[in-house]
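In what follows, a structure is listed as structure tokens, so that the remarks can point back to it.
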Ligand SMILES: Cc1cc2nc3c(=O)[nH]c(=O)nc-3n(C[C@H](O)[C@H](O)[C@H](O)COP(=O)(O)OP(=O)(O)OC[C@H]3O[C@@H](n4cnc5c(N)ncnc54)[C@H](O)[C@@H]3O)c2cc1C
């Protein structure tokens, strides 16, 4: 593991810091310091700034609109952005850039890369993820959405569920069963589907917080062109797993920064409430501190591997399991500190229901309660904790496989 950065990396860091100093308002304290409507206005404008500066997908080759940065430079950019509390893109970029774009670079045809990658960056196409179905979540290979070839088109029928930001997207990457006779993992294809057609219906699901961030998506004779398949017909499982590696593993550089910021805010809350001297609270805060430190070291190890050219695979689950389980405990402590106030949350809600609230967020009860609720989902989305443990046991540690029915 390499815990320090080279002089070249530190020199590049200064360039990124200069970019941030030039482009951000002088009184910038992080996205969390902005009020409700100002958040989305800022994110929209900031996304344009990042696009112009080629910072939306800094690691992509320049011919597809990236900056062609080295792995080390990408890490420095991610760290500095996290420290400044600025977003790295818009609400659907995690699907379009981090998941689909990176996967297309690995599996896509030249034509697919040339067509889709620049459109993802310009914001012309916005993507969501069509993996889960009512009977295929952890057991993803059980998926039943059918795609049948009819001339030059795939005809799709079936349903997806839990499609995050699906109501904001105009495209969905869809896992579909294209050979029902083949063994489960072998009859699946990864299709690129335009949602702007009568055969696609998006129905938002209301969450416990009252917001609707994810959806059901229904396909009724929906279509996509024959060549909108990534990685070959009936080879979708391998493509899907590549994408999950990106979904679970990319955050090693930024998560420790964000969780440290959140813990600092929690310490302020404990002091504000006069609870910081209670032995039991101190014990719990110390536990959280140690977890964030360990997270930092796990992150360093992941980054060292990344810099050595290792792309995230099943081992990405280590980090995902660690941060999501930690987050449930730290947010429970926050609610204990708030006491009865947590039952009637008020003030600024979190910028996003996912992970920590943004840098600069106030210690409002609405922020902590929203983050507490989102933290429960963290141990489910991108693969639940029991599933991560199975993957780590079987594919990383080489333990015997769990019994299959
Ligand atoms: C906030 C949020 C956003 C999401 N966004 C998306 C999205 O954009 N696109 C998308 O496709 N999906 C999305 N998902 C779905 C997510 O991937 C699934 O919820 C997840 O994979 C679990 O599947 P499931 O809900 O069907 O639960 P199930 O698979 O039914 O699991 C139920 C319980 O059984 C346990 N379990 C199941 N199998 C095993 C086993 N073999 N060993 C031990 N325990 C087991 C699970 O851990 C869990 O506790 C999202 C989910 C959430 C919560």
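In our numbering, the protein residues as written are 4 to 408.
Just so you know, even glycine gets a beta-carbon here, dropped at the ideal spot from N, CA and C.
Nearest to residue 190 by alpha carbon, out of 65, 151, 227, 391? Residue numbering aside, residue 190 sits at position 187 when the chain shown is read from its first letter. Checking every option, the nearest Cα to that of residue 190 belongs to 151.
How many Å lie between residue 332 and residue 209 at the Cα? Position 329 of the chain shown holds residue 332. Position 206 of the chain shown holds residue 209. Going by the C-alpha atoms only, they are around 25 Å apart.
Quick one: is residue 117 buried, meaning 16 or more other Cβ sit within 10 Å of its Cβ, or exposed? Walking along the chain shown from the start, residue 117 turns up at place 114. The C-beta of residue 117 has fewer than 16 other C-beta atoms within 10 Å across all chains shown, which makes the residue exposed.
Could you tell me how far apart the beta carbons of residue 83 and residue 20 are, in whole angstroms, since I believe they sit closer than 8 Å? To locate residue 83, count along the chain shown from 1; it is residue 80. To locate residue 20, count along the chain shown from 1; it is residue 17. About 6 Å separates the two Cβ atoms, so the contact holds.
Going along the chain, which unbroken runs of the beta strand (DSSP E) with 3 or more residues stay wholly within the stretch 196-226? Those beta strand (DSSP E) runs which fall completely within the stretch 196-226 and span 3+ residues are 203-208.
Just to confirm the assignment: which complete alpha helix (DSSP H) runs, minimum length 4, are found wholly within the stretch 112-147? Positions of the alpha helix (DSSP H) runs, each at least 4 residues long and wholly inside the stretch 112-147, are given as 113-125 in order along the chain.
What span of residues does the alpha helix (DSSP H) with residue 302 cover, start to end? Translated into positions along the chain shown, residue 302 becomes position 299. Taken as a continuous stretch (DSSP letters only), the alpha helix (DSSP H) holding residue 302 covers 282-310.
Taking residue 54 as the reference, give the member of 281, 45, 70, 64 with the closest Cα. Within the chain shown, numbered from 1, the residue matching residue 54 stands at position 51. Taking only the C-alpha atoms, the option nearest residue 54 is 70.
Let me know the secondary structure DSSP gives residue 358 once reduced to three states. Translated into the one-based positions of the chain shown, residue 358 becomes position 355. In the three-state scheme derived from DSSP, where H, G and I count as helix and E and B as strand, residue 358 is classed as coil.
Roughly how many whole angstroms lie between the Cα atoms of residue 200 and residue 343? Counting from one through the chain shown, the residue named residue 200 turns up at place 197. Counting from one through the chain shown, the residue named residue 343 turns up at place 340. Taking the straight line joining both Cα atoms gives about 48 Å.
Closer than 8 Å to a non-hydrogen atom of ligand 1 - does that hold for the CB of residue 339? Taking the first residue of the chain shown as position 1, residue 339 is located at position 336. Ligand 1 never approaches residue 339 closely enough for any of its heavy atoms to be under 8 Å from the residue's Cβ.
I'd like to confirm something about residue 191: is its beta-carbon nearer than 8 Å to some heavy atom of ligand 1, or not? Start at 1 with the first residue of the chain shown, and residue 191 comes out as number 188. No; taking the cut-off as 8 Å, the Cβ of residue 191 has no heavy atom of ligand 1 nearer than that.
Which stretch, first to last residue, makes up the alpha helix (DSSP H) that contains residue 434? Outside the modelled stretch of the chain, which goes from 4 to 408, sits residue 434, for which no answer is possible.
Which two residues bound the contiguous beta strand (DSSP E) that contains residue 39? Locating residue 39 in the chain shown gives position 36, counting from the first residue. Careful: residue 39 lies outside any beta strand (DSSP E), inside the alpha helix (DSSP H) at 39-55.
If you scan the stretch 306-349 from start to end, which runs of the alpha helix (DSSP H) of 4 or more residues do you find wholly inside it? Runs found: 319-341.
Under DSSP, the alpha helix (DSSP H) around residue 262 begins and ends at which residues? To locate residue 262, count along the chain shown from 1; it is residue 259. 258-275 is the span of the alpha helix (DSSP H), which, as asked, contains residue 262.
Does residue 346 pass the burial test, meaning 16 or more other C-beta atoms within 10 Å, or should it be called exposed? Residue mapping note: residue 346 aligns to position 343 of the chain shown, counting from 1. Label assigned to residue 346: exposed.
Using only the alpha-carbon positions, how far apart do residue 128 and residue 105 sit? Position 125 of the chain shown, counted from the start, is the residue given in the question as residue 128. Position 102 of the chain shown, counted from the start, is the residue given in the question as residue 105. The alpha-carbon of residue 128 is positioned some 15 Å away from that of residue 105.
Assumed close pair residue 174, residue 196 - CB separation to whole angstroms, cut-off 8 Å: One-based indexing of the chain shown puts residue 174 at position 171. One-based indexing of the chain shown puts residue 196 at position 193. Between the beta-carbon of residue 174 and that of residue 196 there is about 7 Å, and that keeps the pair under the 8 Å contact cut.
Kindly indicate which three-state DSSP category residue 392 falls into: helix, strand or coil? The sequence position of residue 392 within the chain shown is 389, counting from 1. Residue state, collapsed to three classes: helix.
Would the beta-carbon of residue 203 fall within 9 Å of that of residue 225? The residue labelled residue 203 in the question sits at position 200 within the chain shown. The residue labelled residue 225 in the question sits at position 222 within the chain shown. Cβ atoms of residue 203 and residue 225: closer than 9 Å.
For the pair the stretch 133-146 and the stretch 74-91, tell me if three or more CB-CB distances fall below 8 Å. They do not touch, by the three-pair rule.
Tell me the rounded alpha-carbon separation between residue 404 and residue 144. Position 401 of the chain shown holds residue 404. Position 141 of the chain shown holds residue 144. Each residue's Cα considered, the two are about 17 Å apart.
I'd like to know whether the C-beta atoms of residue 298 and residue 259 end up nearer to each other than 9 Å. Numbered from its first residue, the chain shown carries residue 298 at position 295. Numbered from its first residue, the chain shown carries residue 259 at position 256. Yes, Cβ-Cβ distance for residue 298 and residue 259 is below 9 Å.
Rank 179, 336, 103, 122 by C-alpha distance to the C-alpha of residue 236 and give the top, closest one. For this step, residue 236 is matched to residue 233 along the chain shown. A check of alpha carbon separations from residue 236 across 179, 336, 103, 122 identifies 179 as the nearest.
For a test of the three-state rule: what should DSSP assign to residue 165, helix, strand or coil? What you label residue 165 is simply residue 162 of the chain shown in a count that begins at 1. Reduced to three states, the DSSP call for residue 165 is strand.
Host beta strand (DSSP E) of residue 178 (start-end): Counting from 1 along the chain shown, the entry for residue 178 is found at position 175. 174-180 is the extent of the beta strand (DSSP E) around residue 178.
For the alpha helix (DSSP H) that contains residue 106, what are its first and last residues? The residue given as residue 106 occupies position 103 in the chain shown. 105-110 is the span of the alpha helix (DSSP H), which, as asked, contains residue 106.
Is the beta carbon of residue 166 within less than 8 Å of some heavy atom of ligand 1? If you number the chain shown from 1, residue 166 lands on position 163. Indeed, a heavy atom of ligand 1 lies less than 8 Å from the Cβ.
Is any heavy atom of ligand 1 found at a distance shorter than 8 Å from the C-beta of residue 393? Residue 393 sits at position 390 when you count from the first residue of the chain shown. Inclusion of residue 393 in the 8 Å shell around ligand 1 follows from its C-beta lying nearer than that to a non-hydrogen atom of the ligand.
If you reduce the DSSP assignment to three classes, tell me which class residue 153 lands in. The residue labelled residue 153 in the question sits at position 150 within the chain shown. Reduced to three states, the DSSP call for residue 153 is strand.
By how many angstroms is the C-alpha of residue 9 removed from the C-alpha of residue 313? Here residue 313 refers to the residue found at position 310 when the chain shown is read from its first residue. Here residue 9 refers to the residue found at position 6 when the chain shown is read from its first residue. If I take the Cα positions, the gap works out to 19 Å.
Pull up the CB-CB distance for residue 163 and residue 133, whole angstroms please, since I reckon it's below 8 Å. The residue labelled residue 163 in the question sits at position 160 within the chain shown. The residue labelled residue 133 in the question sits at position 130 within the chain shown. About 4 Å separates the Cβ atoms of residue 163 and residue 133, confirming a contact at the 8 Å cut-off.
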